[in-house]
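Residue numbers for the sequence shown follow the numbering used here, beginning at 3 and rising by one. Comments concern the structure below.
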Amino acid sequence: LSPRAPKTMADTKLIGFGNPLLDISAVVEQDVLDKWGAKLNDAILAEDKHKPMYAELAESHPVEYIAGGATQNSIRVAQWVMGKPGSTAFVGCVGKDQFGDKLEQAARGDGVNAAYMKHPETPTGTCAVLVKGGERSLVANLSAANCYEISHYETAEIQELVTAANIVYCAGFFLTVSPPTMIALGKHVAEKHKTFCLNLSAPFICQFFKDPLLSVMPYVDFLFGNESEAAEFGKAMGWGEELDVVALKAAAMPKESGSPPPPPPPPPPSPPPPPP
């Protein structure tokens, strides 16, 4: 293993659950976006019509292969910030294939404790990252990432990681895969007074996965989202699209563990130095 590979589960402070994907990134022209129905600053799940895109992209453009998936990327950055190997862990489903091995090697090489469920038949998921003018469009073919099961969450290995961690982070994309796992995480966090962080991730999560999203919201302590995601959440909830209104109403949603305690008061100011 890499010298930065995690040593023990007890060091885990932050754990992420999500969709591990191999990113296939390319700088493209507008006609490529139009061909595949992709919009900048957006993310969609691949349909049958998108299946040829990954091979075509590799043939027509210089591409870069990157270990990715929204949650795994966030966890790897957090690990870089935290420094100590094994401070973070990531859980998701990959295939028993070369791409899955590459993802695990990359994560562990960065110091992340990668605890994948490995599907024997379904290949590791991929994500086309279409970049134009500094913005990107994501088209994700989840494949094995879509096969995660709560039975893996319930294993002794994952329970040890979850017990050790103080913070749980999930992208909204995982709502398309295993809401029962996210609810189980939320219940653990509420019972143990830990912190649950959720990212809205993409407008389509609010549009088409509103019910799973609302089933998890009572456990959420920190909700992340960009302007378009927040506006779509407001529309889905009937609040309108004004971001300040959406933020206030989201913050006022009921929480399973009740309101968090107020922050401690600031320390009193230091006394002035004695006169000379």
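Where is the CB? At the ideal position from N, CA and C, for every residue including glycine. Keep in mind the model is a prediction, meaning the values are calculated, not measured.
| Asked | Found |
| --- | --- |
| Supposed close pair Lys104, Leu24 - CB separation, criterion 8 Å | 7 Å |
| Close beta carbons around Lys196, own chain, < 8 Å, minus the five adjacent residues each side | Ala167, Asn168, Ile169, Val170 and His190 |
| Burial state of Thr157 (16 or more Cβ within 10 Å) | exposed |
| Host alpha helix (DSSP H) of His154 (start-end) | Ile152 to Tyr155 |
| Coil, strand or helix - Phe211 by DSSP | coil |
| Beta-carbon spacing of Val30, Leu132 below 8 Å | yes |
| Extent of the continuous alpha helix (DSSP H) to which Phe101 belongs | Gln100 to Gly111 |
| Simplified DSSP state of Ala72, which is helix, strand or coil | helix |
| Gly85 classed as buried or exposed, judged by whether at least 16 other C-beta atoms fall within 10 angstroms | exposed |
| Other residues of its chain near Ser4: CB distance less than 7 Å, five sequence neighbours each side excluded | At Ser4, the pLDDT of 43 sits below 50, so the modelled position is not reliable and the matter cannot be decided from this model. |
| Distance CB(Thr178)-CB(Leu47) smaller than 8 Å | yes |
| Contact check, Met14 vs Gly71, beta carbons under 8 Å | In the sequence as presented, Met is not what sits at residue 14; that position holds Thr. Their beta carbons are not under 8 Å apart, which means Thr14 does not touch Gly71 by this criterion. |
| Cβ contact check for the region 90-106 and the region 48-57: 3 or more pairs under 8 Å | no |
| Under 8 Å between C-beta atoms of Ala238 and Lys212 | yes |
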